[in-house]
Amino acid sequence: MKKINWVEQLIHRSQDGVTAQTVAAELNLDRSTASRYLNELVKNKKARKIIGRPVRYISATGMENQGSPSPAHPPSRTPVSRESLSFPSLIGVDQSLQTILEEALAALFYPPNGLPIMLTGETGTGKSYLAKTLYQIAISDRRMEPDAPFIAFNCAEYAQNPELLMAQLFGVKKGAYTGAQADKESLVEKADGGILFLDEIHRLPPSGQEMLFYLMDQGTYRRLGETGAARRVNIRMVAATTESPQKALLPTLYRRFSVKLTLPPLRKRGPQERERLLQFFLDEEARKMHVPLRMAPECRTVLLRYDCPGNIGQLKSDVQIACARAFLRHLNHPNEDEIVIRFEDLPHNLREHKRVSQTVKPLLSGKERPKDLSENPFPNIYDECRRRKEALLGQNASPTEIDQEMQEIVSQYILSLLESAERNEKQFIPDNRELELKLAEILHRSVQELNIPVSSTQLTALNLHIQSYLKRSGSSSRMSSLPPANPKAVYKEIAQKIADDLEQGLGISLPDHEIDLISLFLTAHKGRKSPKQRLIATVCLTGEGSAVSLEDWLKENLPKSDQDVAVKSVQIDPMSRRSLMLEYLKEEFDLIAVVGTVPPDLDDVYYLPVWELYQPHGFQRLVERLNETRPVPVGKDGEPKLSWQQIPDLILQGLLETVVHYNPRRFVEIINKEMSTFRQVFQWDPERELGCWMHLGVYTDRLLKTQLDAGRKQEEPARPIEGTHPPSTQIFVWKKLLQQLEGIFHLEYPTGTAEELARLSSAAPDGTV
Numbered sequence: 001m002k003k004i005n006w007v008e009q010l011i012h013r014s015q016d017g018v019t020a021q022t023v024a025a026e027l028n029l030d031r032s033t034a035s036r037y038l039n040e041l042v043k044n045k046k047a048r049k050i051i052g053r054p055v056r057y058i059s060a061t062g063m064e065n066q067g068s069p070s071p072a073h074p075p076s077r078t079p080v081s082r083e084s085l086s087f088p089s090l091i092g093v094d095q096s097l098q099t100i101l102e103e104a105l106a107a108l109f110y111p112p113n114g115l116p117i118m119l120t121g122e123t124g125t126g127k128s129y130l131a132k133t134l135y136q137i138a139i140s141d142r143r144m145e146p147d148a149p150f151i152a153f154n155c156a157e158y159a160q161n162p163e164l165l166m167a168q169l170f171g172v173k174k175g176a177y178t179g180a181q182a183d184k185e186s187l188v189e190k191a192d193g194g195i196l197f198l199d200e201i202h203r204l205p206p207s208g209q210e211m212l213f214y215l216m217d218q219g220t221y222r223r224l225g226e227t228g229a230a231r232r233v234n235i236r237m238v239a240a241t242t243e244s245p246q247k248a249l250l251p252t253l254y255r256r257f258s259v260k261l262t263l264p265p266l267r268k269r270g271p272q273e274r275e276r277l278l279q280f281f282l283d284e285e286a287r288k289m290h291v292p293l294r295m296a297p298e299c300r301t302v303l304l305r306y307d308c309p310g311n312i313g314q315l316k317s318d319v320q321i322a323c324a325r326a327f328l329r330h331l332n333h334p335n336e337d338e339i340v341i342r343f344e345d346l347p348h349n350l351r352e353h354k355r356v357s358q359t360v361k362p363l364l365s366g367k368e369r370p371k372d373l374s375e376n377p378f379p380n381i382y383d384e385c386r387r388r389k390e391a392l393l394g395q396n397a398s399p400t401e402i403d404q405e406m407q408e409i410v411s412q413y414i415l416s417l418l419e420s421a422e423r424n425e426k427q428f429i430p431d432n433r434e435l436e437l438k439l440a441e442i443l444h445r446s447v448q449e450l451n452i453p454v455s456s457t458q459l460t461a462l463n464l465h466i467q468s469y470l471k472r473s474g475s476s477s478r479m480s481s482l483p484p485a486n487p488k489a490v491y492k493e494i495a496q497k498i499a500d501d502l503e504q505g506l507g508i509s510l511p512d513h514e515i516d517l518i519s520l521f522l523t524a525h526k527g528r529k530s531p532k533q534r535l536i537a538t539v540c541l542t543g544e545g546s547a548v549s550l551e552d553w554l555k556e557n558l559p560k561s562d563q564d565v566a567v568k569s570v571q572i573d574p575m576s577r578r579s580l581m582l583e584y585l586k587e588e589f590d591l592i593a594v595v596g597t598v599p600p601d602l603d604d605v606y607y608l609p610v611w612e613l614y615q616p617h618g619f620q621r622l623v624e625r626l627n628e629t630r631p632v633p634v635g636k637d638g639e640p641k642l643s644w645q646q647i648p649d650l651i652l653q654g655l656l657e658t659v660v661h662y663n664p665r666r667f668v669e670i671i672n673k674e675m676s677t678f679r680q681v682f683q684w685d686p687e688r689e690l691g692c693w694m695h696l697g698v699y700t701d702r703l704l705k706t707q708l709d710a711g712r713k714q715e716e717p718a719r720p721i722e723g724t725h726p727p728s729t730q731i732f733v734w735k736k737l738l739q740q741l742e743g744i745f746h747l748e749y750p751t752g753t754a755e756e757l758a759r760l761s762s763a764a765p766d767g768t769v
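Taking UniProt numbering, the leading residue of the sequence shown gets 1, the next gets one more, and so forth.
Listed below in structure tokens is the structure:
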């Protein structure tokens, strides 16, 4: 018999269908070969393919005998009485939910009892709604009996009492445990002939997951305490979880769910779907009130644009709160023929988004400008530049000094722009999103064409400034202008090119003083003094107040030798863990550490958790970091002294030029892990530390040469340095390190080497201990 015939027989024998992987394992085939045979059977109409994860194959003959259409092609339904089904998850059936609903229906109608379905997604995405909708459609299309039950059970409700959870789900036999006074019917029994929906299935204990697997696999179960014949039921299984099912469920149970579908969060569903959801909820509340309901435009805009982490569930709740407040006001004015939802009816967190009501505006349109358009949340850069320049001229400052001061002012201005943007990140949406995006596109393209080094934070700040300028120029307030500036020709030329691009792309014509200011934006970072000031950033997700408190604590507890370190609290986005301000600070300062409750999404940044900071060893980590990053001091001869950060590279550089019998990179890798311990024990200065490590490196190479030379006597240690016996702690750290090196490089240090190194490490420059 040909192998393809064996595959066909295997499909006939399997009630739930087969996958390429199961066929390959059963017939000892490659998975690709099994897949080829299966697809050939589909092509010859001897099998049918079921779309899902994984793809399953069933017998075409078996389905015809059962008189059911192919699950891969859901049965044609009358245009769903979707309007009559009050489930918001149906909104989007022709958009974001189309594929999900099709696959779910294919699984639900799969003969004889459907395929188990796993729904995943964030809280509030509509998993329960979708499960109930599937049930309604099945009843409507006569795929299930009209009186077929839909039993929903949230496993989280009994998660703290696993025994009670199991009793609810599988039932109890009288006397099974203390308090079981009578037989108790299970939810599984009640769902017989219908759908059992288990929400938050990951809260089911392992023993319950095993029983559920047996139920899904065999169609049988026993009540708790039963030992007789198993009970048989005919149910369709739908489960849901907000966790990763692959991690939260037993592997056997996870694999039993043939179809796994993820519902998109509200932020990933288009604006049309959100508008339809909002209107659906409003219509639903209006039906309850029996009074016409209307919403003020600014309220609608807020509800359509605000961040909604609770997804559909939170949107519905926020609408209900607003409706309840509006209805209460209506009760005091019964003569009004309609209820109007006003801005003050919205929940408090939404009222914080008031500025969102100003977002949907035509590009650069002078019409429908918000009343507070002239308000500028940023400092007046023009007045500040004018004031400082006049003061410097009065002090007979040189043009170079004035230029440096202007650059410093612009740097502070950039900082304030980013601070304002981040402080209002949740409630502030630019007055014109389209304008913001076009500005960003033009600015990015301009700097790329000109091939100039401009950071993303500088571009963001410049974008914000231009929007602010457009607000002021469109208002009736008097415009200030920048005092005459003398930017370098190259940056003036670049700024002029950016201005030309803005005029060509958006019709924005910038005056000369604005072009001068753009040139200062581009040169602000060039005038930075070297070295950069060290800075520690504090970040928290629980609110800016927590970060500020942490900032104050650090300022009070920094060592006296590190008073040059600035400390600044920064807000970060809880979802992306990113911050424009943090990126800017990294460019402008020597960002030596970030301390907070969550690590930011920023490369090459030293992070210290706040809970660890308050522990003795955690604060010691911070002290070590401060020691490592302390600026290089200047010696009496005016030359920079050695810093700890330079030591590993200098050791490697020196050993690469001198040693020949081992890999210097491996040597430096080993000792680099121990450096902080040695610094604590010996209180080295950088020069002494470098000398000790170089001594050990060269000595190790010489020792290896001697021990590898079979014709020569093993080298004895050098003459010990006279003096008192070193403390045992100092000898111990050296012994520990030498043991590591012996294991790595396969050598043996002579007796007394650790003591000699300990004396050398503690010796003064003149050789005394």
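Note that beta-carbon positions come from the ideal geometry of N, C-alpha and C, so glycine has one too.
Next item on the list: Report the residue from L108, E588, P297 whose alpha carbon sits nearest the alpha carbon of R342.
Entry: P297
Notebook entry, point to check: In the structure shown, what three-state DSSP assignment does Q571 receive?
Noted result: strand
Checklist line | K173 and E243 closer than 8 Å at C-beta | finding: No, Cβ-Cβ distance for K173 and E243 is not below 8 Å.
Check: With which residues is M295 paired in a DSSP beta bridge?
Finding: BP columns for M295 point to I341.
Notebook entry, point to check: Helix, strand or coil: which one does DSSP assign to A324?
Noted result: Helix at A324.
Checklist line | M144 (DSSP reduced to helix, strand or coil) | finding: Looking at M144 - three-state DSSP - the assignment turns out to be coil, as it is neither helix nor strand.
Check: When DSSP labels each residue in this structure, what does I195 get in the three-state scheme?
Finding: strand
Next item on the list: Taking 8 Å as the threshold, find out whether the region 260-267 comes into contact with the region 306-320 through three or more Cβ pairs.
Entry: At 8 Å Cβ cutoff, the stretches touch.
Checklist line | Sheet register partners of V259 (DSSP bridge) | finding: I117
Checklist line | Nearest neighbour of T252, chosen from M144, E210, E390, L704 [CA to CA] | finding: E210
Item checked: F589: first and last residue of the uninterrupted beta strand (DSSP E) it sits in -> Counting along the chain, F589 falls outside any beta strand (DSSP E), and DSSP gives it neither H nor E.
Next item on the list: With a cut-off of 8 Å on the beta carbons, I'd call D283 and L303 a contact; round off their distance for me.
Entry: Rounded, the Cβ-Cβ distance is 14 Å, inconsistent with contact.
Checklist line | C-beta contact flag for L650 and L690 at 8 Å | finding: yes
Next item on the list: Output yes or no for whether 8 Å exceeds the beta carbon distance between N154 and D199.
Entry: yes
Margin query: Spatial neighbours of P205 within its chain, please: C-beta separation below 6 Å, excluding the five flanking residues on both sides.
Written below: Cβ neighbours of P205 beyond the five flanking positions: P162.
Check: If I201 and I235 are in contact, beta carbons under 8 Å, what's the gap, nearest whole angstrom?
Finding: About 14 Å; that fails the 8 Å criterion.
Notebook entry, point to check: Nearest to G179 by alpha carbon, out of A167, V188, K190, S186?
Noted result: Answer by Cα proximity: A167.
Check: With C-beta atoms as the reference, is D701 less than 8 Å away from V660?
Finding: Their beta carbons are under 8 Å apart, which means D701 touches V660 by this criterion.
Next item on the list: Look at the alpha carbon of V233 and the alpha carbon of P599, and state the distance between them as a whole number of angstroms.
Entry: 50 Å
Item checked: Cβ pair count under 8 Å reaching 3, the region 321-339 against the region 285-292 -> yes
Next item on the list: Please say whether I58 and I11 have beta carbons closer to each other than 8 Å?
Entry: yes
Note to self: In whole angstroms, give me the CA-to-CA distance for A240 and R665.
What the structure shows: 52 Å
Check: Between the beta-carbon of I494 and the beta-carbon of L502, is there less than 8 Å?
Finding: no
Next item on the list: Following the continuous alpha helix (DSSP H) through A34, name the residue where it begins and the one where it ends.
Entry: 31-43
Notebook entry, point to check: Considering only the beta carbon of each residue, do T677 and V623 sit closer than 8 Å?
Noted result: no
Next item on the list: Quickly, what does DSSP pair R499 with across the bridge? List them, please.
Entry: According to the sequence displayed, residue 499 carries Ala and not Arg. Answer is none; A499 lacks a bridge partner.
Check: Which class does C308 belong to by DSSP, given the choice of helix, strand or coil?
Finding: coil
Check: For G179, does the three-state DSSP call read helix, strand or coil?
Finding: coil
Note to self: Distance check for L464 and L470, CA to CA, integer angstroms please.
What the structure shows: 10 Å
Checklist line | N- and C-terminal bounds of the alpha helix (DSSP H) containing R236 | finding: That residue, R236, is in no alpha helix (DSSP H); its beta strand (DSSP E) goes 236-241.
Next item on the list: Check whether the region 131-141 touches the region 182-195, counting contact only when three or more Cβ pairs, one atom from each stretch, lie closer than 8 Å.
Entry: Counting Cβ pairs under 8 Å, three or more are found: they touch.
Item checked: For L747, the three-state DSSP class (helix, strand or coil) -> coil
Note to self: What does the Cβ neighbour count give for K673, buried or exposed, with the cut at 16 atoms within 10 Å?
What the structure shows: exposed
Margin query: Within a Cβ cutoff of 7 Å, which residues of the same chain sit near L169, ignoring the five residues on either side of it in sequence?
Written below: F153, S186, L187, V188, G208
Note to self: Can you give me the C-alpha to C-alpha distance between F213 and D601, rounded to a whole angstrom?
What the structure shows: Straight-line Cα distance between these residues: approximately 40 Å.
Next item on the list: Could you check if G124 is buried or exposed, using at least 16 other CB atoms within 10 Å of its CB as the buried criterion?
Entry: buried
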